[in-house]
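Okay, so the sequence shown: first residue is -5 according to the working numbering, each after it adds one.
Positions of the beta carbon are idealized from the N, C-alpha and C atoms, including for glycine.
Please read all numbers here as calculations on a predicted model, not as lab measurements.
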Amino acid sequence: MILILGGTTEASALAGLLAARPGWRVLLSLAGRTGSPLPQPVPVRVGGFGGGPGLAAFLKNAGIDTVVDATHPFATGISQNAIAACRQAGVPLLLVCRPAWRPGPEDRWTEVPDAVQAALALGGERRTVFLTVGRLELPAFLAAPQHRYVVRTIDPPDRLPPDAELILARGPFAEADEHRLMQSGGIEVLVAKNAGGAATAGKLAAARMLGLPVVLIRRPAGPKLARDQPMVETPAAALAWLIERHAGAQPRGV
Ligand code: NAP
């Protein structure tokens, strides 16, 4: 059985590709961060494993013969655990990681290492900020209450900065809609993580069109940047890797 570590569009897309092919047993694992996860095309388990040793035990007990780490580029802990657990259990591991966004000549990006530096990079003067860093990164912006924020998250955050308007929405977001939102909201600066991928790239294109600056949080150092394991960028490439790997030897549990 294949275990997909998910929580991303790539993980769900790969699950869909595998579900459409007879003979593959697949389990998708979610951390359980989102209150209303989307329906998935394969069986799902939810919640942490209890670190690397917990994941190693899970692999053994559940009869997992391949792990695909398709977690978010900013999720480092689970990827580290997957490397350790797969090594311990002797199970092959594939990383699926979409490429980072790169600035073009018309982009006005300030790249920063984390959310604390992103809040500092907004400066002391009051600005209207489109904040798209996710619910869990919001506390860093409580330290910069001089700004007016338009905050977009999937689930409601525990706390917002004092002058904030909340938009609850889940991507993908079209460029035209992002353009409209940023223009009508009087946005002066966009703050985002360098997540990569097409689903949320529209805000960067809209910022470029509007000539707006962007504060972009760089990808964290860790196993996904080290790339010292088999890695592909797309669900289709992951499927090809799995088919090649299992050619002649059907995956266990079929
Ligand atoms: P993280 O720091 O790497 O993981 C923290 C802990 O959460 C892990 O040690 C593990 O707990 C559990 N976990 C994470 N992903 C899991 C999965 N797919 N299945 C089961 N347990 C998982 O990750 P994070 O940054 O908090 O992100 C959590 C999840 O949200 C990830 O699955 C990621 O794909 C998704 N996500 C993250 C972001 C982001 O910006 N960080 C954005 C979109 C989606 P145990 O040690 O107990 O096993």
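(Q) Using C-beta distances below 6 Å, list every residue in its chain close to Ile181, excluding the 5 sequence neighbours before and after it, in chain order. (A) Indexing the sequence shown from 1 puts residue 181 at position 187. Once the five neighbours on either side are set aside, the close Cβ partners of Ile181 are Thr122, Phe124.
Q: Determine, using beta carbons only, whether Val38 and Leu49 come nearer to each other than 8 Å.
A: Here residue 38 is taken as the residue at index 44 of the sequence shown, counted from 1. Here residue 49 is taken as the residue at index 55 of the sequence shown, counted from 1. No, these two residues do not count as a Cβ contact at 8 Å.
Q | Residue range of the unbroken beta strand (DSSP E) whose run includes Val36 | A | Your numbering for residue 36 matches position 42 in the sequence shown. From DSSP, Val36 is part of no beta strand (DSSP E); its letter is neither H nor E.
Q) Taking the C-alpha atoms as reference points, what is the distance between Leu12 and Leu219? A) Taking the sequence shown and counting its residues from 1, the one referred to as residue 12 is at position 18. Taking the sequence shown and counting its residues from 1, the one referred to as residue 219 is at position 225. Taking the straight line joining both Cα atoms gives about 26 Å.
Q) Going along the chain, which residues of its own chain have a beta-carbon closer than 8 Å to the beta-carbon of Gly247, five neighbours each way excluded? A) If you number the sequence shown from 1, residue 247 lands on position 253. Confidence at Gly247 is low in this model, with a pLDDT of 43, below 50, so its placement is unreliable and no value can be given for it.
(Q) By the three-class DSSP mapping on this structure, what secondary structure does Ser30 have? (A) The sequence position of residue 30 within the sequence shown is 36, counting from 1. Three-state result, Ser30: coil.
Q | Boundaries of the beta strand (DSSP E) in which Arg146 is found, first to last residue | A | Within the sequence shown, numbered from 1, the residue matching residue 146 stands at position 152. Taken as a continuous stretch (DSSP letters only), the beta strand (DSSP E) holding Arg146 covers 142 to 147.
Q.
For a test of the three-state rule: what should DSSP assign to Arg246, helix, strand or coil?
A. As a first step, residue 246 is located in the sequence shown; it is residue number 252 there, counting from the start. Confidence in Arg246 is poor, its pLDDT being 45 and thus under 50, which makes the residue's placement too unreliable to answer from.
Q | N- and C-terminal bounds of the alpha helix (DSSP H) containing Gly110 | A | Taking the first residue of the sequence shown as position 1, residue 110 is located at position 116. In the sequence under discussion, the amino acid at residue 110 is Val, which differs from the Gly named in the question. That run of the alpha helix (DSSP H) goes 109 to 115.
Q) When the Cα atoms are used, what is the spatial distance from Ile72 to Gly118? A) Within the sequence shown, the letter at position 78 stands for residue 72. Within the sequence shown, the letter at position 124 stands for residue 118. C-alpha separation (whole angstroms): 36 Å.
Q.
From the DSSP secondary-structure annotation, give me the bridge partner or partners of Phe124.
A. The count along the sequence shown starts at 1 and reaches residue 124 at position 130. Note: Phe124 sits in a beta bridge opposite Val144, Leu184.
Q. Would you report the Cα separation of Gly216 and Thr70, rounded to the nearest angstrom?
A. Indexing the sequence shown from 1 puts residue 216 at position 222. Indexing the sequence shown from 1 puts residue 70 at position 76. Whole-angstrom Cα-Cα distance: 6 Å.
Q. Under the three-state reduction of DSSP, which class applies to Ala193: helix, strand or coil?
A. On the sequence shown, residue 193 is found 199 positions in, with the first residue counted as 1. Collapsing the DSSP output to three states places Ala193 in coil.
Q.
Just to confirm before moving on: does the CB-CB distance between Gly0 and Ala64 stay below 8 Å?
A. Here residue 0 is taken as the residue at index 6 of the sequence shown, counted from 1. Here residue 64 is taken as the residue at index 70 of the sequence shown, counted from 1. Yes, these two residues count as a Cβ contact at 8 Å.
Q) Hey, would you say Leu206 sits closer than 8 Å to Leu184, going by beta carbons? A) The residue you call residue 206 lines up with position 212 of the sequence shown. The residue you call residue 184 lines up with position 190 of the sequence shown. Yes, the pair counts as a contact, with Cβ atoms nearer than the cut-off.
Q. For Leu233, does the count of other Cβ atoms within 10 angstroms reach 16, so buried, or fall short, so exposed?
A. For the purposes of this step, residue 233 is taken as the residue at position 239 of the sequence shown. Leu233 should be labelled buried.
Q: Starting from Ile237, trace the alpha helix (DSSP H) both ways and give me its first and last residue.
A: Mapped onto the sequence shown, residue 237 falls at position 243. Counting along the chain, the alpha helix (DSSP H) containing Ile237 begins and ends at 229 to 240.
(Q) Under DSSP, the alpha helix (DSSP H) around Thr250 begins and ends at which residues? (A) Not covered by the structure: residue 250. The range shown for the chain is -5 to 248.
Q | Minimum C-alpha distance to Thr240 - residue among Gly98, Ile148, Pro86, Ala112 | A | Numbered from its first residue, the sequence shown carries residue 240 at position 246. For the sequence presented, residue 240 should be read as His rather than Thr. Of Gly98, Ile148, Pro86, Ala112, the residue nearest in Cα terms is Pro86.
Q.
Quick check on the burial criterion: 16 or more other C-beta atoms within 10 angstroms. Buried or exposed for Arg164?
A. Reading the sequence shown from its first residue, position 170 is the one you call residue 164. So Arg164 counts as exposed.
Q: Pair every Cβ in the stretch 77 to 93 with every Cβ in the stretch 219 to 228, then say whether three or more of these pairs are closer than 8 Å.
A: yes
(Q) Quick check: the stretch 93 to 105 against the stretch 26 to 36, are at least 3 beta-carbon pairs closer than 8 Å? (A) At 8 Å Cβ cutoff, the stretches do not touch.
Q. Can you name the residues that DSSP bridges to Glu159?
A. Your numbering for residue 159 matches position 165 in the sequence shown. Val144, per the DSSP bridge assignment.
Q.
What does the alpha-carbon distance come out to for the pair Leu136 and Asp171?
A. Counted from its first residue, the sequence shown places residue 136 at position 142. Counted from its first residue, the sequence shown places residue 171 at position 177. Distance between the alpha carbons of Leu136 and Asp171: 27 Å.
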